[in-house]
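If you're matching positions, the sequence shown starts at 1 in full-length UniProt numbering and goes up one per residue.
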Amino acid sequence: MDTAGAKVLETAEDIQERRQQVLDRYRRFKELSMVRRQKLEDSYRFQFFRRDADELEKWIQEKLQIASDENYKDPSNLQVCQLFNVYVFKSC
């Protein structure tokens, strides 16, 4: 009976040790999951930033092309240039 009792104690200790291992692994898993989530959120925000920057760059290029156009010398384009100036100053 002592042998069986010792075996039960060993088994209880083994179970407790295994339980602790599982809890440690779960804690580590949660930590890594939070790190991964933060990286994904950072990447998500960065993608929006890049999209906005690309749109802004495209807008600037369009406006530079209009601004560098020599058609402003033609009197018929005076109204277009005036509207462009109003648009640019309102955007600022």
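Beta carbons are placed, not taken as given, at the ideal position from N, Cα and C, and that holds for glycine. Everything numeric in this text was worked out from a predicted model, so none of it was measured.
Phe84 and Ile66 look like a contact to me (Cβ under 8 Å); what is the Cβ gap, rounded to whole Å? 6 Å
Between the CA atoms of Asp52 and Lys90 - distance to the nearest angstrom: 20 Å
Any idea what DSSP makes of Asp24, helix, strand or coil? helix
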